[in-house]
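Novice: Quick one: the structure is below, questions incoming.
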Amino acid sequence: MNNAALDGFLIVSLEQAVAAPYCSRLLAEAGARVLKLERPEGDFARAYDTIIQGDSAYFVWLNSGKESVVVDLKADTDQQLLRNLLGRADVFLQNLRPGAVDRLGFSYEAVRQINPNVVMCSISGYGSDGEHAQMKAYDTLIQAETGLCSVTGPPDQPSKVGMSICDISTGLAAYAEILKALLRRSKEGRGSHVQLSLFEVVSEWMAVALTYYEYGDKLLSGTGLDHAQIAPCSAFSAADGPVVIIVQNEREWRQLCTGVLDQESLVDDPRYKDNVRRVENRDALRIDIEAYFQKFPRTDIIEKLQKNGIACGGLNDVTDLARHPALQRKTVKSSGNEISLVRRIGDEISATAHVPSLDEHGAIVRAEFQ
Numbered sequence: 193m194n195n196a197a198l199d200g201f202l203i204v205s206l207e208q209a210v211a212a213p214y215c216s217r218l219l220a221e222a223g224a225r226v227l228k229l230e231r232p233e234g235d236f237a238r239a240y241d242t243i244i245q246g247d248s249a250y251f252v253w254l255n256s257g258k259e260s261v262v263v264d265l266k267a268d269t270d271q272q273l274l275r276n277l278l279g280r281a282d283v284f285l286q287n288l289r290p291g292a293v294d295r296l297g298f299s300y301e302a303v304r305q306i307n308p309n310v311v312m313c314s315i316s317g318y319g320s321d322g323e324h325a326q327m328k329a330y331d332t333l334i335q336a337e338t339g340l341c342s343v344t345g346p347p348d349q350p351s352k353v354g355m356s357i358c359d360i361s362t363g364l365a366a367y368a369e370i371l372k373a374l375l376r377r378s379k380e381g382r383g384s385h386v387q388l389s390l391f392e393v394v395s396e397w398m399a400v401a402l403t404y405y406e407y408g409d410k411l412l413s414g415t416g417l418d419h420a421q422i423a424p425c426s427a428f429s430a431a432d433g434p435v436v437i438i439v440q441n442e443r444e445w446r447q448l449c450t451g452v453l454d455q456e457s458l459v460d461d462p463r464y465k466d467n468v469r470r471v472e473n474r475d476a477l478r479i480d481i482e483a484y485f486q487k488f489p490r491t492d493i494i495e496k497l498q499k500n501g502i503a504c505g506g507l508n509d510v511t512d513l514a515r516h517p518a519l520q521r522k523t524v525k526s527s528g529n530e531i532s533l534v535r536r537i538g539d540e541i542s543a544t545a546h547v548p549s550l551d552e553h554g555a556i557v558r559a560e561f562q
């Protein structure tokens with residue numbers, strides 16, 4: 193018996209790329225049945241690359257555990273198929289450009305007429321109206337538009353985050369909002385329409401930087417590995433490489449000075465007497481910390497930091513992640529191959545999930561929902 197939280201729930205997802213597919217994969221991992229509706233040429237993420245034995249890394253990562261059905265929603269037969277699917281669906285997820293599903297005849301008002309209990313979730317770049325609504329909104333563009341690039345990377349060198357953080361964060365937000373809507377449905381007995389955009393999700397994540405500007409007249413910029421508001425919080429050189437440390441409060445600062453650096457005089461140094469001053473004098477602080485760190489190898493420094501309760505770690509690259517002892521893995525099958533991926537903590541499915549080929553389940557689903 194499947195005891196996953198969403199066992200028995202049906203998700204119909206008219207999706208492509210990253211944000212909606214990430215959301216629907218999370219729903220699948222919670223036990224829901226996910227029908228992935230693809231255009232005849234397929235989700236364009238299928239063709240991003242061929243790095244996983246001929247398959248796309250993004251597509252394999254985002255689409256395990258789903259059923260693929262090709263639809264042409266300009267055709268009457270496929271419009272009827274979608275109506276049949278929605279009639280039995282718990283969730284209708286879509287991330288087409290604003291207005292596209294409306295023009296196809298599947299606005300929320302139309303969907304609600306088909307099934308008043310359905311939870312519809314629409315993901316867009318900038319929302320459904322306004323001057324930006326029709327702009328294409330890929331991840332890098334949202335990073336740039338929200339100012340995220342301006343606070344990322346080395347000083348005065350705006351940089352993008354090295355993953356699709358806008359798509360991923362929005363997919364995660366959509367997952368949470370869908371679960372809220374399903375919970376509300378269980379109480380009120382009706383569906384609802386959840387709408388969210390990449391811009392609104394990431395701009396909310398930029399709240400601290402915006403507050404510094406609007407209330408402190410301070411324009412934050414990229415600080416490399418340094419933290420813009422906390423010090424010491426960075427990578428510091430030991431004798432054989434960097435060690436990352438983070439000091440969050442005055443108790444930890446005192447412990448770093450006395451228990452690790454053996455320099456009690458630094459505790460009350462006017463340059464470092466509180467976090468604000470440590471941030472202002474981070475260059476001098478680096479010199480004082482590294483004067484001690486560089487006398488010893490990283491293993492000795494990390495051992496001493498851990499003994500004194502100071503948060504620390506290595507400055508790893510992906511090769512280090514691949515063999516990290518804390519990394520949890522799962523196996524999925526794609527094109528007949530077993531692929532090792534990262535296992536998410538909330539994944540409730542123990543069986544090996546399958547990444548669907550294009551329209552792999554089309555005939556079965558059409559027969560079931562005719």
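Residue numbers (the working numbering): 193 to 562. Glycine is no exception: its CB is placed at the ideal position from the N, C-alpha and C atoms.
Using the C-alpha atoms, what's the distance from I357 back to R217?
Specialist: Translated into positions along the sequence shown, residue 217 becomes position 25. Translated into positions along the sequence shown, residue 357 becomes position 165. For R217 and I357, the distance between alpha carbons rounds to 16 Å.
Novice: Please identify the residue among L412, Q387, L388 whose C-alpha is closest to the C-alpha of A399.
Specialist: The residue labelled residue 399 in the question sits at position 207 within the sequence shown. That would be L412, whose Cα lies nearest to the Cα of A399.
Novice: Would you list the one or two residues that DSSP bridges to P434?
Specialist: Residue numbering aside, residue 434 sits at position 242 when the sequence shown is read from its first letter. According to DSSP, which records beta bridges pairwise, P434 is partnered with S429.
Novice: Skipping 5 residues on each side, what residues in its chain have a beta carbon closer than 8 Å to that of V394?
Specialist: Sequence index remark: in the sequence shown, residue 394 carries index 202 (1-based). Counting only Cβ-Cβ distances below 8 Å, and skipping sequence neighbours, we find I334, Q335, T338, L340, I357, C358, S361, T362.
Novice: When the distance is taken between beta carbons, is L296 closer than 8 Å to E207?
Specialist: As a working note, residue 207 is residue 15 in the sequence shown. As a working note, residue 296 is residue 104 in the sequence shown. No, these two residues do not count as a Cβ contact at 8 Å.
Novice: One question on the structure: do V262 and D551 come within less than 8 Å of each other, judged by their Cβ atoms?
Specialist: As a first step, residue 262 must be located in the sequence shown, where it is residue number 70. As a first step, residue 551 must be located in the sequence shown, where it is residue number 359. Yes, the Cβ-Cβ distance between V262 and D551 is below 8 Å.
Novice: On a Cα-Cα basis, can you pick out the residue from L375, D460, G408, N473 that is closest to V311?
Specialist: Translated into positions along the sequence shown, residue 311 becomes position 119. Minimum Cα distance to V311 is reached at L375.
Novice: Rounded to the nearest angstrom, what separates V510 and V386 at their Cα positions?
Specialist: Translated into the one-based positions of the sequence shown, residue 510 becomes position 318. Translated into the one-based positions of the sequence shown, residue 386 becomes position 194. Cα to Cα, V510 sits roughly 36 Å from V386.
Novice: In terms of residues, what are the limits of the beta strand (DSSP E) holding N529?
Specialist: Sequence index remark: in the sequence shown, residue 529 carries index 337 (1-based). Its beta strand (DSSP E) spans residues 529-534.
Novice: Please specify which runs of the beta strand (DSSP E), each continuous and at least 3 residues long, are wholly inside the region 306-353, giving them in chain order.
Specialist: With a minimum length of 3 residues, the continuous beta strand (DSSP E) runs that stay inside the region 306-353 are 311-316.
Novice: Taking Q387 as part of the beta strand (DSSP E), name the residues at either end of that continuous run.
Specialist: Walking along the sequence shown from the start, residue 387 turns up at place 195. Its beta strand (DSSP E) spans residues 384-389.
Novice: Please name the residue, chosen from T332, R443, A476, that lies closest to F428 on a Cα-to-Cα basis.
Specialist: Counted from its first residue, the sequence shown places residue 428 at position 236. Among T332, R443, A476, the Cα nearest to that of F428 belongs to A476.
Novice: What whole-angstrom Cβ distance do A366 and L388 have, given they're in contact under 8 Å?
Specialist: Counting from one through the sequence shown, the residue named residue 366 turns up at place 174. Counting from one through the sequence shown, the residue named residue 388 turns up at place 196. Sure, about 6 Å apart at Cβ, within 8 Å.
Novice: I203 lies in the alpha helix (DSSP H); which residues open and close that run?
Specialist: Against the sequence shown, residue 203 aligns to sequence position 11. Element bounds for I203: not the alpha helix (DSSP H) but the beta strand (DSSP E), 202-206.
Novice: Let me make sure I understand the geometry here. Which of G414, A239, R382, G200 has the alpha-carbon closest to that of R304?
Specialist: Taking the sequence shown and counting its residues from 1, one reaches residue 304 at position 112. Of the listed residues, the one whose Cα sits closest to R304 is R382.
Novice: May I ask you to report which of helix, strand or coil DSSP gives T450?
Specialist: Residue mapping note: residue 450 aligns to position 258 of the sequence shown, counting from 1. Helix at T450.
Novice: Within 10 angstroms of its Cβ, does G317 collect 16 or more other Cβ (buried), or is it exposed?
Specialist: Mapped onto the sequence shown, residue 317 falls at position 125. When all chains shown are included, G317 counts as buried.
Novice: Taking Cβ to Cβ, would you say I502 is nearer than 8 Å to V452?
Specialist: For this step, residue 502 is matched to residue 310 along the sequence shown. For this step, residue 452 is matched to residue 260 along the sequence shown. Contact flag set, yes.
Novice: So the alpha helix (DSSP H) G408 belongs to, where does it begin and stop?
Specialist: Residue numbering aside, residue 408 sits at position 216 when the sequence shown is read from its first letter. Note, G408: alpha helix (DSSP H), 399-408.
Novice: Determine, using beta carbons only, whether T523 and T544 come nearer to each other than 8 Å.
Specialist: Looking up residue 523 in the sequence shown gives position 331. Looking up residue 544 in the sequence shown gives position 352. Yes, the pair counts as a contact, with Cβ atoms nearer than the cut-off.
Novice: By how many angstroms is the C-alpha of S256 removed from the C-alpha of L278?
Specialist: Indexing the sequence shown from 1 puts residue 278 at position 86. Indexing the sequence shown from 1 puts residue 256 at position 64. Taking the straight line joining both Cα atoms gives about 22 Å.
Novice: If we call anything under 8 Å between Cβ atoms a contact, is V439 one with T450?
Specialist: Sequence index remark: in the sequence shown, residue 439 carries index 247 (1-based). Sequence index remark: in the sequence shown, residue 450 carries index 258 (1-based). The answer is no: Cβ separation not under 8 Å.
Novice: Taking its Cβ as the centre, do 16 or more other Cβ atoms sit within 10 Å of F561, making it buried, or is it exposed?
Specialist: Position 369 of the sequence shown, counted from the start, is the residue given in the question as residue 561. Under this definition F561 is a buried residue.
Novice: Nearest CA to the CA of A237: which residue from Y330, P290, E221?
Specialist: Within the sequence shown, residue 237 is the residue found at index 45, counting from 1. Here the closest residue by C-alpha is Y330.
Novice: Please go through the same chain and pick out, in chain order, the residues whose beta-carbon is closer than 6 Å to the beta-carbon of K228, but skip the five residues on each side of it.
Specialist: By one-based count along the sequence shown, residue 228 stands at place 36. S205, K258, S260, listed in sequence order.
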